[in-house]
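Heads up: the structure comes next, in C-alpha cells.
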Amino acid sequence: MSVEVDFRRITTKTLQVLKHKGIKITALTAYDFITAKLLDNAGIDLVLVGDSLSNVFQGNETTLPVTMDEMIYHTKAVCKGIERAMVVVDMPFMSYQTNVDEAFRNAGRILKETPAGGVKLEGGERVAESIRKITDAGIPVMGHIGLTPQSIHQFGSYKARGKDIEEADQIINDAVVLEQAGAFAIVLEKIPMELAEKVTKKLKIPTIGIGAGMHCDGQILVTPDMLGLNVNFHPRFVRHYAELAKTIDSAVRQYIEDIKNNQFPTDKESY
Ligand code: KIV
663 MSVEVDFRRI
673 TTKTLQVLKH
683 KGIKITALTA
693 YDFITAKLLD
703 NAGIDLVLVG
713 DSLSNVFQGN
723 ETTLPVTMDE
733 MIYHTKAVCK
743 GIERAMVVVD
753 MPFMSYQTNV
763 DEAFRNAGRI
773 LKETPAGGVK
783 LEGGERVAES
793 IRKITDAGIP
803 VMGHIGLTPQ
813 SIHQFGSYKA
823 RGKDIEEADQ
833 IINDAVVLEQ
843 AGAFAIVLEK
853 IPMELAEKVT
863 KKLKIPTIGI
873 GAGMHCDGQI
883 LVTPDMLGLN
893 VNFHPRFVRH
903 YAELAKTIDS
913 AVRQYIEDIK
923 NNQFPTDKES
933 Y
C-alpha cells in the first residue's frame, strides 16, 4: 500500500509533520541527474547526496577520499532532477572535523553553491558545537550516529554499533545532544532495533534508519545497493527491490550479439 502525502516540496517542517503523524519518511541516495529525477518522480521524500558516492560512484574502498568540490559537483547534477524531495548533502571527511569555523564555512559553501536544502555530518557530541553554529546560520543539519563510515579506521570494521550498554548509552546521549544542538533529523546506522526504537521515542526530531530496524521514523538505503547494482555487497539490512546488475548484463550481452550478427541497427533504426 502506498501512502500518498500531498506535499509540494519537502522541507524540514514536512519531515517533522510526518513524524508527528506517524507517517514513515522515505529516503534514498543519488549522485546524478537521471537517478535523482527517477527517485523524485516516484515520490521519495528525501534524497541524500551521500559520501557513499566515494564507494559506489568513484570505486573507493572507503568514504574518505571524496572532496568538497566533488560533493558540490554531484549535488548540482542531482538538484536539477528534483522538484519535490528535500536534498541533503553529506559533508565529506575533513570538511568539518578540523574546527567549528571550517565546518561552518563548508556547510555555507554547499548551500551557497548548490540548491540543496541541508547538510549531514557524522558524529555525536564532538560535532554538536559545529551543528549549533551551522543551524544558527539557518542551514538545516542532519546528524548521523551509530556506525559512522568516516571513522572506519577508528572502528576497525563495519560491524553494528551500540551492542553493549556503554556504547548504547553513548548513542542515546549523542542523539539528545544533536537534537539540542539544532539537528532537524538523525540517521541511525547499523544499531540494534531496540536501541533505535528508544532513540526514536526519546527525540522530537525524526530518525532515519539504515540497518536500524523498523521503529525509526524513516528509512534510507544506498540506491545502487537496493537496485541490485552493487553485486558484491550483501549486508543483512539491504533489500534488493530490483536486480539491475542482471538486467544490465543481459542487455549489454544482447547489444553485443546484435551488432556482431548485423541485427542492429535495422533499416527502421537508420536514416
Ligand atoms: O553516504 C551515505 O550514503 C549515507 C547513508 C548510508 C545514510 O550516509
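Numbering (the working numbering), first residue to last: 663 to 933. All C-beta atoms, glycine included, are put in the ideal place defined by N, C-alpha and C.
N- and C-terminal bounds of the alpha helix (DSSP H) containing residue i
i      : result
Glu851 : From DSSP, Glu851 is part of no alpha helix (DSSP H) but of the beta strand (DSSP E) over 847-851.
Met733 : 730-742
Met888 : 885-888
Asp836 : 827-843
Gly770 : 762-775
Val718 : 715-718
Whether residue i touches residue j by CB criterion (9 Å)
i      : j      : result
Thr691 : Gly712 : yes
Leu677 : Gly844 : no
Ile744 : Lys699 : yes
Leu710 : Lys825 : no
Ala874 : Leu891 : no
Thr725 : Asn717 : yes
Gln808 : Leu850 : The question names Gln, yet the displayed sequence has Gly at residue 808. Going by C-beta atoms, Gly808 is nearer than 9 Å to Leu850.
Ile867 : Lys681 : yes
Tyr758 : Val789 : yes
Ala822 : Lys852 : yes
His806 : Glu784 : yes
Gly770 : Val751 : no
Phe846 : Pro802 : yes
Phe766 : Ser792 : yes
Ala837 : Thr869 : yes
Ile848 : Leu708 : no
Leu701 : Thr909 : no
Proximity test, residue i beta-carbon vs the ligand KIV heavy atom, cut-off 8 Å
i      : result
Ile872 : yes
Ile882 : yes
Val849 : yes
Asp836 : no
Met757 : It is worth fixing the name first, because residue 757 is Ser in this sequence and not Met. Every heavy atom of the ligand KIV is 8 Å or more from the Cβ of Ser757, so no.
Gly712 : yes
Asp798 : no
Thr725 : yes
Lys866 : no
Thr691 : yes
Asp752 : yes
Lys795 : no
Glu682 : Reading off the sequence, residue 682 comes out as His, not Glu. His682: no, Cβ never under 8 Å from the ligand KIV.
Pro811 : yes
Lys782 : yes
Segment limits, beta strand (DSSP E) that includes residue i
i      : result
Ile870 : 869-872
His902 : First-last for His902: undefined, no H or E at that position.
Gly808 : 803-808
Ala689 : 687-691
Leu710 : 708-711
Val749 : 748-752
Lys960 : The structure shown does not extend to residue 960, since the chain is modelled only from 663 through 933, so no value can be given for it.
Heavy atom of the ligand PLP within 8 Å of residue i beta-carbon
i      : result
His806 : Here the bound small molecules are the ligand KIV; the ligand PLP is not part of this structure.
* **Inter-stretch contact at 8 Å, needing at least 3 Cβ pairs: the stretch 812-820 / the stretch 834-843** => Between the stretch 812-820 and the stretch 834-843 there are fewer than three C-beta pairs closer than 8 Å, too few to call the two in contact.
* Asked: Is the number of C-beta pairs between the stretch 671-686 and the stretch 738-755 that are closer than 8 Å three or more?
  -> Yes: the two stretches touch, three or more of their Cβ pairs being nearer than 8 Å.
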